[in-house]
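Visitor:
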Amino acid sequence: MSDEPRLRVGEVEVARYVLQPDLDRRHGPRPYLHPVRTLAGTPVTDTLPADHVWHLGASLAVQDVDGTNLWGGRTYVRDTGYTWRDDHGVIAHTGWVERGADRLEHRLEWRDRDDGVLLTERRRLAAAPVAADVWRLAVDYTLTAPAGRDVRLGSPATNGRPGGAGYGGFFWRAVAEGEPRAFSAGADGEESVNGSAEAWVALTGVGPGGGAYTLVFTGLGPGDRWFVRTAMYPGVCVAFAFDRPALVPAGGDRHGRHAVLVADGTLDRARIAALLAAGAAG
270 MSDEPRLRVG EVEVARYVLQ PDLDRRHGPR PYLHPVRTLA GTPVTDTLPA DHVWHLGASL
330 AVQDVDGTNL WGGRTYVRDT GYTWRDDHGV IAHTGWVERG ADRLEHRLEW RDRDDGVLLT
390 ERRRLAAAPV AADVWRLAVD YTLTAPAGRD VRLGSPATNG RPGGAGYGGF FWRAVAEGEP
450 RAFSAGADGE ESVNGSAEAW VALTGVGPGG GAYTLVFTGL GPGDRWFVRT AMYPGVCVAF
510 AFDRPALVPA GGDRHGRHAV LVADGTLDRA RIAALLAAGA AG
């Protein structure tokens, strides 16, 4: 078995999992999926892009975890703006639970700048076929706070940044030639979808090499909102603290389960609705 974990759908490799990236702390080191590909081989993730070097494929990342930046980049400080601070932590793999061709499950620690443990996590990733041109990535995780204290999850928005910048959570940095299109069952475009609580959000674009693709995101939890960007860069996030902080209670858990349909071609609302009605999101 290769030392680099990867996910397959049948004989097709659809994603690689970078478990322990050798990165500067300022880039928010954490496990991430990249490249993720459609069944036809079109890449649909980006990593270390020049515009936001700390965007790492598909990953879990939060900018403010009790004052620790686990997103990377500058930290948004109320009444000051984005500021470089010595506040970057790391999300570290600590052990395997299961490792197979179509599923990966492991334990992690969310650590502060001094390697103190902020949260522990158990994460499961699974790949499954949906149709000849569609596969599903399922992402399940449980974040657990220490017995002795609550852990606050925040974002630039909860720290004072205007403009719907409530990012942080399960984040997918896509790759696209030109500006992609974002839409949901009832809304079109970045401005309409960003901050919404729609049941699903789709992103359609053209990947490197000219292959069209569609990503369909599902699985908002209570209080979550969609953070969506298409003009500045292509990205979709299940945002934990879009407009108010979230709390993991002392000794308690925060559960998340998201599914992403990864499709070749440009899917319309009718095809997406049919796939979801047939149980494609799992």
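Residues in the sequence shown are numbered consecutively from 270, following our numbering. Each residue gets a CB set at the ideal place from its N, CA and C atoms; glycine is no exception.
(1) Mapping DSSP to helix, strand and coil, what is Arg418?
(2) Would you list, in sequence order, the uninterrupted alpha helix (DSSP H) runs of no fewer than 4 residues that lie entirely inside the segment 296 to 363?
(3) Do Arg393 and Val408 come within 9 Å of each other at the CB atom, strictly closer than that value?
(4) Is there contact between the segment 332 to 339 and the segment 353 to 363, where contact requires at least three CB pairs shorter than 8 Å?
(5) By alpha-carbon positions, which one of Ala330, Val346, Gly297, Val334 ends up nearest to Val322?
(6) Compute the Euclidean distance between the alpha carbons of Arg585 and Thr311, then round it to the nearest angstrom.
(7) Can you tell which of Ala466, Gly437, Leu536, Ala471 has its C-alpha closest to the C-alpha of Phe452?
(8) Which residue comes first and which comes last in the alpha helix (DSSP H) that contains Glu460?
(9) Work out the CA separation of Gly476 and Thr535 for me, nearest whole Å.
(10) Once you ignore the five residues that flank Trp441 on each side, which residues in its own chain have a CB closer than 6 Å to its CB?
(11) May I have the straight-line CA-CA distance separating Leu325 from Ala539, to the nearest angstrom?
(12) Using the rule of at least 16 other Cβ atoms within 10 Å of the residue's Cβ for burial, across every protein chain shown, is Thr483 buried or exposed?
(13) Is the beta carbon of Leu545 sitting closer than 9 Å to the one on Thr473?
(14) Which residue wins for smallest C-alpha separation from Asp593, given the options Trp495, Arg421, Tyr345, Trp469?
(15) Which of the three DSSP states, helix, strand or coil, is assigned to Arg540?
(16) Just verifying my parser: in three-state terms, what is the DSSP assignment at Arg494?
(17) Would you tell me roughly how many angstroms separate the C-alpha atoms of Leu308 and Thr349, rounded to the nearest one?
(18) Determine the burial state of Tyr410: buried for a count of at least 16 other Cβ atoms within 10 Å of its Cβ, exposed for fewer.
(19) Mind checking whether Leu388 and Pro415 have CB atoms under 9 Å apart?
(20) Rounding to the nearest angstrom, what Cα-Cα distance links Val283 and Val305 in this structure?
(21) Return the Cβ separation of Val497 and Ala396 in integer angstroms, given the expectation that the two are a contact with Cβ distance under 8 Å.
(22) Between which two residues does the beta strand (DSSP E) holding Glu374 run?
(23) Express the C-alpha separation of Tyr502 and Phe509 in angstroms, rounding to a whole number.
(24) Within the continuous beta strand (DSSP E) that includes Arg430, where are the two ends?
Guide: So, from the listed chains and residues:
(1) By one-based count along the sequence shown, residue 418 stands at place 149. Coil at Arg418, not helix or strand.
(2) none
(3) Taking the first residue of the sequence shown as position 1, residue 408 is located at position 139. Taking the first residue of the sequence shown as position 1, residue 393 is located at position 124. Yes, Cβ-Cβ distance for Val408 and Arg393 is below 9 Å.
(4) Below 8 Å, enough C-beta pairs join the segment 332 to 339 and the segment 353 to 363 to call them touching: three or more.
(5) By one-based count along the sequence shown, residue 322 stands at place 53. Nearest of Ala330, Val346, Gly297, Val334 to Val322, Cα basis: Gly297.
(6) Since the first residue shown for the chain is 270 and the last is 551, residue 585 is missing from the structure and cannot be characterised.
(7) The sequence position of residue 452 within the sequence shown is 183, counting from 1. Cα-wise, what sits closest to Phe452 is Ala471.
(8) Locating residue 460 in the sequence shown gives position 191, where the first residue counts as 1. Run containing Glu460: 459 to 462, per the alpha helix (DSSP H) assignment.
(9) As a position in the sequence shown, residue 535 is number 266, starting the count at 1. As a position in the sequence shown, residue 476 is number 207, starting the count at 1. Taking the Cα positions, Thr535 is about 12 Å away from Gly476.
(10) Your numbering for residue 441 matches position 172 in the sequence shown. The residues are Ala327, Val505.
(11) In the sequence shown, residue 325 corresponds to position 56, counting from 1. In the sequence shown, residue 539 corresponds to position 270, counting from 1. Each residue's Cα considered, the two are about 31 Å apart.
(12) Here residue 483 corresponds to residue number 214 of the sequence shown, with the count starting at 1. The residue in question, Thr483, is buried, as its Cβ has 16 or more Cβ neighbours within 10 Å.
(13) Within the sequence shown, residue 545 is the residue found at index 276, counting from 1. Within the sequence shown, residue 473 is the residue found at index 204, counting from 1. Not in contact: Leu545 and Thr473 (Cβ atoms no closer than 9 Å).
(14) This structure leaves residue 593 out entirely; the chain is present only between 270 and 551.
(15) Position 271 of the sequence shown, counted from the first residue, corresponds to residue 540. Three-state DSSP puts Arg540 in a helix.
(16) Here residue 494 refers to the residue found at position 225 when the sequence shown is read from its first residue. Note: Arg494 maps to strand in three-state DSSP.
(17) Along the sequence shown, one-based indexing puts residue 308 at 39. Along the sequence shown, one-based indexing puts residue 349 at 80. Distance from the CA of Leu308 to the CA of Thr349, rounded to the nearest whole angstrom, comes to 45 Å.
(18) As a first step, residue 410 is located in the sequence shown; it is residue number 141 there, counting from the start. Counting Cβ neighbours within 10 Å, Tyr410 comes out buried, since at least 16 surround it.
(19) Stepping through the sequence shown from its first residue, residue 388 is reached at position 119. Stepping through the sequence shown from its first residue, residue 415 is reached at position 146. Yes; because the gap between Cβ atoms is below 9 Å, this pair is in contact.
(20) Here residue 283 refers to the residue found at position 14 when the sequence shown is read from its first residue. Here residue 305 refers to the residue found at position 36 when the sequence shown is read from its first residue. For Val283 and Val305, the distance between alpha carbons rounds to 6 Å.
(21) Indexing the sequence shown from 1 puts residue 497 at position 228. Indexing the sequence shown from 1 puts residue 396 at position 127. With 8 Å as the limit, Val497 and Ala396 do not qualify as a contact, their Cβ atoms being about 24 Å apart.
(22) What you label residue 374 is simply residue 105 of the sequence shown in a count that begins at 1. Per DSSP, Glu374 belongs to the beta strand (DSSP E) from 372 to 380.
(23) Residue mapping note: residue 509 aligns to position 240 of the sequence shown, counting from 1. Residue mapping note: residue 502 aligns to position 233 of the sequence shown, counting from 1. Cα to Cα, the separation comes out at about 20 Å.
(24) Translated into the one-based positions of the sequence shown, residue 430 becomes position 161. No beta strand (DSSP E) contains Arg430, which DSSP labels as neither H nor E.
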